[in-house]
Amino acid sequence: GSNSHCGLQITLLFLFLVIYLFTLMGNLGLITIVIGDSQLHIPMYYFLSVLSLIDASFSTIITPKMLIDFMSEKKVISFLGCTTQMFLAVSCETTECFLLAAMAYDHYVAIYNPLLYAVSMSPSSLLPPLVEFCMLRSTQKPLLAYLFVDPMKLSIFFCDIPPLLAIYCSDTKENELLLFIFVSSIEDFTILIIIISYSFILSAILKMHSVEGRQNVFSMCGSHLTRVSIYYGTILFVYMRPSSNYALEHDMIMSTFYSIVIPMLNPIIYIYITGTKININIEPNKTITILSCTFKRNSFQRSLTMHTWNYPNETDFILMGLTDSKEIEEALAVLFLLIYLVTVLGNIGMMLIIRLDAQLHTPMYFFLSHLSFLDLSYSTVITPKTLENLLTSTKIISFAGCLTQMYVFVLLAAAECFLLASMAYDRYIAICNPLQYPVVMSTRVCSALVTASYMIGTMDSTVNMLCMSTIHFCRSKVVRHFFCDTSPILALSCNDTHTIEIIIVIFSGFTLMVSLITISASYVSILCTILKINSTSGKHKAFSTCASHLLGVTIFYGALIFTYMKPSKSYSLGKDQVASVFYTIVIPMLNPLIYSLRNKEVKNAVIRFTMNIWNYTRKPDFILMGLTDSKEMQLVISVIFLLIYLLTVLGNTGMILIIRLDVQLHTPMYFFLTHLSFLDLSYSTAITPKTLENLLTSTKNISYVGCFTQMYFFVLLAATECFLLSSMAYDRYVAICNPLHYPVVMSSRFCSTLLTGSYVLGVLDATVNMLCMATLDFCNSNVIQDFFCDASPLIALSCSNTHDIEFIIFIFAGFTLLLSLITISASYMSILSTILKINSTSGKQKAFSTCASHILAVTMFYSTIIFTHLKSNKSSFGKDQVASVFYTIVSPMLNPLIYSLRNKE
């Protein structure tokens, strides 16, 4: 790893996770845009899409394993895993070298021989051989690594050649010489191509007469030159020297840069470069205009925006649903609502029971908890929208919404296929090799199987989305289904979908066949083992451990195969919809019942869970120390807090009423402001009344359930406010930077989506916080050194190990703060740059005045939140309480004043 210090490892974990997510989103987004926009179907973007694929792959080879090592004490990698990682990583590096050289040659032809560009860089004659050459050439370099690796302790975070050579116990001079020759031949060859290409480009630039033409041509190459300089600089520093000179600090920084940071920079470098056309003056009075091979930032954003916003206008879909009869629709709505509630309660209950009961911390129940998560998730993707369509006359879903629903659904369904296969393998080991079960089904193996399931699901859904995003809809917009699925959407396409269907069938067939073969092979072996058992009770017991899984597999795969493994032209509304309803809405409800009603361990766990809840309610009360022991001060503080609370209630209620009753305030900004007032009123109400009661009475007790309830709602409302403030910042960004698009971008539906997302993330944060805190044992003092129940003072009271709990809470709280702060910062940086471009002083003042209230509210809220929570729980009693009083009691009162006194509207 990179550092043994626990605090720094947590920081690096969070940082690298954010970088990895940006890398995936940026590179996959770039690939999607290049594939989806026909104007970008030119050689340079062909290479750029392959470069993005390599960067995403390279980052995926290194980063996930590194993140796992950050989270675990054991940082072991097998010899095979190490060599595989090194092989794939070096393959990506070498491929990228040749690809960058190919891009330099492309620039050379475009600028030096523009008339021959279309012929020289034709897709049929040159592009596939170039990419194939890059891929094949890359496989040669890593083969040397197998000659001299030796598994020991590596002072680095991934398997790379220099640190492996540094720990080898024999003489490595010959290996180093071979490596140096091979690496230098690759680097020299590719660098030579790049240098020659840019030499000719430079000579072409010097022949130009106009300064603007030179500037345009140079800007065309700026992104590629930047990428080449960064990439080759770090590669040469790491590899082109003896391994004896390997230094942990310097080399690790450089390795981190080229393996983790550079793949994230690629989309940024190529997106934020200007220039769309190049005028090349070869002779006086003779100008050749060619298409630039670079992105213009505004042009790219416009292309992306038009691509996104033209689809809804062109292809807003209408979901036909299940029936046209109003009476049947109402009956189905009630039925589906009941099923969905049972699904949510059943699956969440299953996850909670498995998480909280130590006796269920086994591989089988580990997989079962993820199965419950998948069932809950893909039911949530489908059912709420279906209920909305059943209860409303408008059954429209946007193209983006349709594609998102389909993407998430395919991801979860494919992941469930492989998870069911993993569960079958688990049962095979448990029955056929019981003595080896603890070793084979270790925590690492189980985690790897679950991770692989999600990764394969992501791959399946990404391929499906990329295929579906290329089709055009020029006929009916009516989807003969109740949700966006592949078959009914393909049936609407007006272009040839034969190739797309083949690709989807190949990937879905691979998913089904691999998982079904694994399940079948496992159960054939299980059946053979069961038949060898002599006693009837033994056979019955062995079979009973598989019965639930067999039933779940039969139901799931039966519906899935019936629906998908056939051509889209044979799509039948009635039969397919019944099967789809079964596996999207009914099966997620059945799985918790199947795995609980037929399972004694789960039944016993439910009984223990019920008893634990009963015991929790009977636990001794906590004592809230409050703010001071002085009776006089308590009286003064109670009067002040009562006045502040009354002002908070009147101010926020008044704000909600005014915005609700005045039609002129029915805009996105005030829509968000009403919910900000609601949140301020709510979390002040969760804290202040109990604080006043404790100040005015001698008993300062709060029950165990009351304490946890107060903490749950406080965290929920505070986290929701973080995301709501970031939504408000984005609203101001669109209003100032893109005023003409404001009514379209900030539509009612989009505002409702942002608001719903804020509440959902708040509920997620609060639920995780509560689940973590519920595992703590309080066997020492019950005196809370605060005036309300917060995580930090409660953790300080616990007599159990709180390291993992603090880590999880820190990750979720840090994610909430960082994501919302990044959104706010990015929005205001764009706003500031736009304001600075305004010529008139009055215009600048008007633009800034629309943001002043929000900036002030954000500054007050985040400064106190960060001061209080993002530090050690062993902090000073006084300072934390002052900060807590400010953001829990004072800040909710100030927000209505800030947004009303500084606002003419």
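At the far end of the sequence shown sits residue 988, using the numbering used here, and the numbering has no gaps. Quick reminder that beta carbons are idealized off the backbone N, C-alpha and C, glycines included.
How far does the alpha helix (DSSP H) with F501 in it reach, from first residue to last?
Position 418 of the sequence shown, counted from the start, is the residue given in the question as residue 501. Here the alpha helix (DSSP H) through F501 covers F482 to C515.
Could you tell me whether the Cβ atoms of F565 and L402 are closer together than 8 Å?
Mapped onto the sequence shown, residue 565 falls at position 482. Mapped onto the sequence shown, residue 402 falls at position 319. The answer is yes: Cβ separation under 8 Å.
Could you round the C-beta distance between H307 and H190 to whole angstroms and report it? I think they count as a contact, below 8 Å.
The residue given as residue 307 occupies position 224 in the sequence shown. The residue given as residue 190 occupies position 107 in the sequence shown. Sure, about 6 Å apart at Cβ, within 8 Å.
Excluding sequence positions up to five away, which residues of its chain have a Cβ less than 6 Å from the Cβ of I728?
Counted from its first residue, the sequence shown places residue 728 at position 645. Contrary to the premise, residue 728 reads as Tyr rather than Ile in this sequence. Same-chain partners within the cutoff: T771.
Looking at the unbroken beta strand (DSSP E) that takes in L707, where does it start and where does it end?
For the purposes of this step, residue 707 is taken as residue 624 along the sequence shown, with counting starting at 1. Looking at the DSSP string, the run of the beta strand (DSSP E) that includes L707 is F705 to L707.
Please classify F639 as buried or exposed, where buried requires at least 16 other C-beta atoms within 10 Å of its C-beta.
Stepping through the sequence shown from its first residue, residue 639 is reached at position 556. F639 comes out buried.
Would you mind reading off the limits of the beta strand (DSSP E) that contains I401?
By 1-based counting over the sequence shown, the position of residue 401 is 318. Start and end: F400 to L402.
Provide the residue span of the alpha helix (DSSP H) that contains V533, from first to last.
Translated into positions along the sequence shown, residue 533 becomes position 450. Per DSSP, V533 belongs to the alpha helix (DSSP H) from T526 to M551.
Do A535 and F501 have their beta-carbon atoms positioned less than 8 Å apart in this structure?
Taking the sequence shown and counting its residues from 1, the one referred to as residue 501 is at position 418. Taking the sequence shown and counting its residues from 1, the one referred to as residue 535 is at position 452. Yes.
Can you tell me whether V561 is helix, strand or coil according to DSSP?
Working through the sequence shown from its first residue, we reach residue 561 at position 478. Residue state, collapsed to three classes: strand.
Excluding the 5 residues flanking I102 on each side, which residues of the same chain have their C-beta closer than 7 Å to its C-beta?
One-based indexing of the sequence shown puts residue 102 at position 19. Within the same chain, I102 has close Cβ partners I343, V344 and M347.
Please classify F231: does DSSP put it in a helix, a strand, or coil?
Here the question's residue 231 lines up with position 148 in the sequence shown. Any reading at F231 must be qualified, since the residue scores a pLDDT of 41, below 50, and its modelled position is unreliable; the value itself is stated next. DSSP places F231 in coil when its eight states are reduced to three.
Quick one: what's got a C-beta closer than 7 Å to S142's C-beta in the same chain, skipping five residues either side?
Along the sequence shown, one-based indexing puts residue 142 at 59. For S142, where only same-chain residues beyond five positions count, the Cβ hits under 7 Å are Y103, T106, I343 and P346.
Could you tell me whether the stretch 783-802 touches the stretch 816-835, using the rule of 3 or more Cβ pairs below 8 Å?
The answer is no - the stretch 816-835 does not touch the stretch 783-802, with fewer than three Cβ pairs under 8 Å.
Output the boundary residues of the alpha helix (DSSP H) element that contains K773.
On the sequence shown, position 690 is the one that residue 773 refers to. First-last of the alpha helix (DSSP H) with K773: P751 to L779.
Kindly indicate which residue of L518, T541, N472 and K783 has the alpha-carbon position closest to the one of L494.
Looking up residue 494 in the sequence shown gives position 411. Checking every option, the nearest Cα to that of L494 belongs to T541.
Assign P822 to buried or exposed, taking buried as 16 or more other Cβ atoms, counted over all protein chains shown, within 10 Å of its Cβ.
Residue mapping note: residue 822 aligns to position 739 of the sequence shown, counting from 1. Its Cβ having fewer than 16 others within 10 Å, P822 is exposed.
Just tell me which of N777, V843, L405 and I436 has its CA closest to the CA of V562.
Along the sequence shown, one-based indexing puts residue 562 at 479. Among N777, V843, L405 and I436, the Cα nearest to that of V562 is on L405.
For the stretch 832-848 against the stretch 895-902, do three or more pairs of beta-carbon atoms, one drawn from each stretch, fall closer than 8 Å, so that the two count as touching?
In short, these stretches touch, since the Cβ pair count reaches three.
In chain order, what are the residue ranges of uninterrupted alpha helix (DSSP H) at least 4 long that sit wholly in the stretch 843-924?
Within the stretch 843-924, the complete alpha helix (DSSP H) runs of at least 4 residues are 874-880 and 886-920.
So the alpha helix (DSSP H) C175 belongs to, where does it begin and stop?
Looking up residue 175 in the sequence shown gives position 92. Start and end: F162 to Y195.
Tell me, please, which residues DSSP counts as bridged to I276.
Taking the first residue of the sequence shown as position 1, residue 276 is located at position 193. Looking at the DSSP assignment, I276 forms no beta bridge with any residue, so it has no partner.
Buried or exposed: where does I585 fall if 16 or more other Cβ atoms within 10 Å of its Cβ makes it buried?
Residue numbering aside, residue 585 sits at position 502 when the sequence shown is read from its first letter. So I585 counts as exposed.
Within the continuous alpha helix (DSSP H) that includes Q122, where are the two ends?
Reading the sequence shown from its first residue, position 39 is the one you call residue 122. That residue, Q122, is in no alpha helix (DSSP H); it is neither H nor E in DSSP.
If contacts are defined as beta-carbon pairs under 8 Å, then V866 and M708 qualify, I think. What distance do you get, rounded to the angstrom?
On the sequence shown, residue 866 is found 783 positions in, with the first residue counted as 1. On the sequence shown, residue 708 is found 625 positions in, with the first residue counted as 1. The Cβ separation is near 6 Å, so the contact holds.
Is the distance from the Cβ of Y195 to the Cβ of A287 below 8 Å?
On the sequence shown, residue 195 is found 112 positions in, with the first residue counted as 1. On the sequence shown, residue 287 is found 204 positions in, with the first residue counted as 1. Yes. Within cutoff.
What's the C-alpha gap between S967 and T947?
Stepping through the sequence shown from its first residue, residue 967 is reached at position 884. Stepping through the sequence shown from its first residue, residue 947 is reached at position 864. Using only the alpha carbons, I get a separation of about 7 Å.
From F265, L443, N258 and E176, pick the residue whose C-alpha is nearest to that of Y314; which is it?
Mapped onto the sequence shown, residue 314 falls at position 231. Measuring from the Cα of Y314, the nearest candidate turns out to be E176.
Which residues does DSSP pair with I785 in a beta bridge?
The residue labelled residue 785 in the question sits at position 702 within the sequence shown. Answer is F705.
Looking only at its own chain, which residues have a Cβ that is under 7 Å from the Cβ of I587, when we skip the five neighbours before and after it?
Position 504 of the sequence shown holds residue 587. Excluding sequence neighbours, I587 sits near N547, C550 and T569.
Between the alpha carbons of S121 and T757, how many angstroms are there, rounded?
Against the sequence shown, residue 121 aligns to sequence position 38. Against the sequence shown, residue 757 aligns to sequence position 674. Computed Cα separation, rounded: 43 Å.
Using a threshold of 7 Å, is the CB atom of S121 nearer than that to any non-hydrogen atom of the ligand SAM?
This structure lacks the ligand SAM; in fact it carries no ligand of any kind.
Buried or exposed for A818, going by 16 or more other Cβ atoms inside 10 Å?
Sequence index remark: in the sequence shown, residue 818 carries index 735 (1-based). Classification of A818: buried, given that the 10 Å Cβ count is 16 or more.
As an exercise, report each continuous alpha helix (DSSP H) stretch of at least 4 residues that is fully enclosed by the stretch 779-835, in chain order.
Those alpha helix (DSSP H) runs which fall completely within the stretch 779-835 and span 4+ residues are 787-820 and 825-828.
From which residue to which residue does the alpha helix (DSSP H) around S608 run?
To locate residue 608, count along the sequence shown from 1; it is residue 525. Unbroken alpha helix (DSSP H) run through S608: H581 to K615.
If you reduce the DSSP assignment to three classes, tell me which class I554 lands in.
Taking the sequence shown and counting its residues from 1, the one referred to as residue 554 is at position 471. Of the three classes helix, strand and coil, the one that applies to I554 here is coil, per DSSP.
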